[in-house]
Structure formats: C-alpha cells, structure tokens
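Some notes on the structure that comes next.
Residue numbers (the UniProt record's numbering): 1 to 214.
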C-alpha cells in the first residue's frame, strides 16, 4: 500500500495586512477586518492541503510586475487557482450584466474591481516566460460576513466577470474538490514560491526543486 503524502503549505495567510504592507486598506480597522477574512480562508485551505495527496497552498504572493498581492494560490497537479478573500457586510449580492454588482438594491462597486483578472494575466505571462505548461483556472473569491449576526448570499453573477467564481466562506470546505486534489507539480511550486511574501520564509518550507519535464 502506497501512502500519499499531504500537500505543502508555503507562507502565512494575512502576512501583508498583518504587517500593514497592503496599500488598499483605508485604515488599520479595515486592514484588521480584511486580515480576519484571509486567516479564515487560509485555515480552510491549509486543511485541504493537509489531506493525503492534497494540493499545495501558497499564501500572500506578489502579483508579478505589480505591487498588489494574491491572497492565496492552490496548485493541484499543473492546475493553479487564485483565491481572493473578502469580508463584506451581511446581505444578498447579485450582479447585473453590463452594470455591476449590487447588495440588495444598492450598487456595490467594490466587487467589480479587475485586480483578479489582472493577476491571472500577469501570472499566465510569468509562467509562459518560464516555459511552464500550467493551467490557470478561473479565480475564486471567498466572501465572509463582517458580522456574526447575518450571512452573505450570492445570486447569479454574470457579465464580464462571469469567469470569476464567488462563494460565501462557509461553502469553501465543501467546494474543495473544485480546487483539485492532486499532488502539486514541483516545477510549478518552485516557480511560485519566490513570489510569497518574505521569500526567505517561503524557502524555509523547502518547496520541492524542479524536475525535468519531457
């Protein structure tokens, strides 16, 4: 019987926000709330990685050629999924194609930023430059409620951002199969590890060195 090894976890969730390194946060309170969401997502992803034969999870990566960051990346085989963590006010969120996202009857423009689309484009280019045949899947946005007295509900998201998946945080664990359950390709992990915040810390996780691809 062959024992399947668990996946790796490289980096720590919420590193940038915890150190005040992320420029998007308007103030410390916003950063604190955002970090809480990253930690909750990170905890679930780490549990997924810990399963036998699980994928590798990397936290807090710099987007190549940008000062912005990617909260989490999951590598299953050669399939890469970018995961963004959000903390939003409880309510029902829905998207009207060509107009944007709403919370109830109010516009919610914060959901319509193109950061994840930019991150996907930059990462594809980054991998192509290194001649890595990896697939970058549709990014996933995980949304946690800002209060325990309510929940976040998602209705049809369509239009230009249809390729991005958006789910409430409590559904992340049950959606694990969509992230993949294969051991990560070591070449892909080795290429991504230096992008993790505090690359020395990433190296201390001993990401597997690349092997020849034929």
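Backbone N, C-alpha and C fix where the C-beta goes; we use that ideal spot for every residue, glycine too. If you're wondering where the values come from, they're calculated on a predicted model, not measured in any experiment.
Residue burial classification, residue i (beta-carbon count within 10 angstroms, cutoff 16)
i	result
residue 128	exposed
residue 49	buried
residue 162	Annotation note: pLDDT 44 at residue 162 (below 50); position unreliable, no value reported.
residue 85	buried
residue 155	exposed
residue 60	buried
residue 40	buried
residue 150	exposed
CB contact flag (residue i, residue j, <7 angstroms)
i	j	result
residue 166	residue 141	yes
residue 90	residue 168	no
residue 10	residue 58	yes
residue 136	residue 70	no
residue 65	residue 122	yes
residue 139	residue 177	no
residue 33	residue 87	yes
residue 53	residue 95	no
residue 44	residue 184	no
Run of the alpha helix (DSSP H) containing residue i, from where it starts to where it stops
i	result
residue 48	28-49
residue 182	Run containing residue 182: none; DSSP gives neither H nor E here.
DSSP three-state assignment for residue i, whether helix, strand or coil
i	result
residue 64	coil
residue 126	helix
residue 102	strand
residue 3	coil
residue 109	helix
Anticipated Cβ contact below 8 angstroms, residue i with residue j, distance rounded
i	j	result
residue 111	residue 93	7 angstroms
residue 13	residue 38	5 angstroms
residue 56	residue 198	The pair is not a contact, with the Cβ atoms about 17 angstroms apart (cut-off 8 angstroms).
residue 75	residue 188	5 angstroms
residue 73	residue 192	6 angstroms
residue 78	residue 134	5 angstroms
Beta strand (DSSP E) segment containing residue i, residue limits
i	result
residue 82	79-88
residue 72	69-76
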